[in-house]
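Participant: Encoded as structure tokens, here's the structure I'll be asking about.
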Amino acid sequence: MSFLLAPRVFPAPDKWLENRNNWRPNSDPMHSTDPTNFTEDLWPASHSPVQYFSVSLHTRLRVSGCELLSDGSIRGSHQDGYDGRDFISFDLESGRLVAADSSAEITRRLWEQDGTVAEYWMNYLKHICPEWLQKYIRYGQKELERKEPPDVHVSGREEHGMLTLSCHAYGFYPNTIAVSWMKGGETLDQETEWGGVVPNSDGTFHTWARIEALPEEREQYRCRVEHPGMPEPGIFTWEPTSGRNLTVVVAVSVIAAILILIVLIGFGIWKLQSGNTRDGGWKGTWIHPAPFWESCATDADPTL
637 MSFLLAPRVF
647 PAPDKWLENR
657 NNWRPNSDPM
667 HSTDPTNFTE
677 DLWPASHSPV
687 QYFSVSLHTR
697 LRVSGCELLS
707 DGSIRGSHQD
717 GYDGRDFISF
727 DLESGRLVAA
737 DSSAEITRRL
747 WEQDGTVAEY
757 WMNYLKHICP
767 EWLQKYIRYG
777 QKELERKEPP
787 DVHVSGREEH
797 GMLTLSCHAY
807 GFYPNTIAVS
817 WMKGGETLDQ
827 ETEWGGVVPN
837 SDGTFHTWAR
847 IEALPEEREQ
857 YRCRVEHPGM
867 PEPGIFTWEP
877 TSGRNLTVVV
887 AVSVIAAILI
897 LIVLIGFGIW
907 KLQSGNTRDG
917 GWKGTWIHPA
927 PFWESCATDA
937 DPTL
């Protein structure tokens with residue numbers, strides 16, 4: 637994880653230069669502890685304060701960062717830039733300041749004579765920065781460990797004598813994913829067209845990969861998907877539904893719907909024709925139509 641502090645911009649000289657405390661603002665969180673922020677020598681050390689501010693604007697850029705490696709070791713770096721170029725860096729292994737060129741050498745010597753600059757950056761990169769990094773990792777541990785595997789669908793469309801195969805991956809997290817088309821055991825990266833990894837509204841992602849093939853070679857193509865949420869890479873193929881199978885499915889669905897409708901109608905008629913007697917038995921009834929201006933009435937048939 638790296639920490640980037642905004643460049644410092646120094647304006648032309650003015651009366652406020654008379655008070656040095658005014659031109660040493662607390663512009664970053666480390667100002668109170670970083671010795672390069674409160675040393676008597678304003679860097680670049682080869683200029684006096686008035687000379688330093690006598691030309692337009694200057695910028696100071698600082699980049700500091702640290703990494704926690706898998707073996708438990710720490711890797712860190714610190715660099716100071718001046719007016720868009722490298723100025724001084726700190727080497728964590730040797731614990732020494734390194735000047736980028738001769739103009740930075742004077743400042744480097746002054747900082748080494750001070751004795752606290754290298755000590756500060758050694759402590760910051762080995763202790764302070766890793767502690768911050770571990771704290772931020774704890775804050776985001778749940779999100780960092782979140783893994784949702786993709787839902788993969790393969791489709792095909794034949795047009796003008798060519799078959800277009802598409803492999804879609806939906807709802808995966810994190811966004812690191814590899815989708816590729818294979819023919820036999822060969823990965824066809826050059827022949828594959830990829831879509832970008834696009835976010836969904838729920839925070840997951842989706843993407844796709846497409847390839848053109850000869851219809852008669854359809855069975856040779858496989859879509860390979862690799863994602864951190866999958867225990868191992870998945871291999872997916874297109875299984876088209878034939879016209880005959882589709883007809884059978886539709887016919888069965890229609891027949892099932894008709895049978896259900898018949899059962900419901902029969903049950904409704906039975907309910908209308910049934911009645912509950914005093915002894916708990918059921919007697920049938922006849923439904924007699926009535927004129928539209930009268931209400932519908934039912935009379936029990938005494939013959940039943």
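Under the numbering used here, think of the first position of the sequence shown as 637, with each following residue one higher. Where a beta carbon is used, it is the ideal one built from N, C-alpha and C, also for glycine. Here the structure is a predicted model, which is why all the values come from computation and not from measurement.
#1: Based on Cα-Cα distance, which residue from V734, R858, G731 lies nearest to S791?
#2: May I have the straight-line CA-CA distance separating W747 from K771, to the nearest angstrom?
#3: Please report the residue range of the beta strand (DSSP E) in which A805 lies.
#4: Report yes if the C-beta distance between E827 and E848 is below 9 Å; otherwise report no.
#5: Could you give the residue range of the beta strand (DSSP E) that holds E741?
#6: Using a Cβ-Cβ cut-off of 7 Å (strictly less than) and excluding sequence neighbours within five positions of P869, which residues of its own chain qualify?
#7: Please tell me whether T743 and A754 are closer than 9 Å, where the distance is taken between their beta carbons.
#8: Do you know offhand how far D727's Cα is from L761's?
#9: How would you label L908, buried or exposed, when you count the other beta carbons within 10 angstroms and need 16 or more for buried?
#10: Under a Cβ-count criterion, where at least 16 other Cβ atoms within 10 Å of its own Cβ denotes burial, should G731 be classed as buried or exposed?
#11: State yes or no: is the C-beta of D722 nearer than 8 Å to some heavy atom of the ligand MG?
#12: Ends of the alpha helix (DSSP H) at E862?
#13: Between T840 and the rest of its own chain, which residues show a CB-CB distance below 7 Å, the 5 nearest in sequence each way excluded?
#14: Just list the residues that DSSP pairs E822 with in beta bridges.
Facilitator: So, from the data block:
#1: Sorting V734, R858, G731 by C-alpha distance to the C-alpha of S791 places R858 at the top.
#2: So the two alpha carbons sit approximately 31 Å from each other.
#3: Looking at the DSSP string, the run of the beta strand (DSSP E) that includes A805 is 798 to 808.
#4: Yes, the pair counts as a contact, with Cβ atoms nearer than the cut-off.
#5: Per DSSP, E741 belongs to no beta strand (DSSP E); it is in the alpha helix (DSSP H), 738 to 750.
#6: By the criterion of a C-beta distance shorter than 7 Å, P869 is surrounded in its chain by R860, V861, E862, once the five residues flanking it on both sides are discounted.
#7: Between T743 and A754, the C-beta gap is not smaller than 9 Å, which leaves the two residues out of contact.
#8: Roughly 10 Å separates the two Cα atoms.
#9: By the 10 Å Cβ count, L908 comes out exposed.
#10: Per the 10 Å Cβ criterion, exposed.
#11: As presented, the structure is devoid of all ligands, the ligand MG included, so that no description of it is given.
#12: From DSSP, E862 is part of no alpha helix (DSSP H) but of the beta strand (DSSP E) over 857 to 862.
#13: The answer, listed in chain order, is E784, G807, F808, Y809.
#14: DSSP lists K819 as partners of E822.
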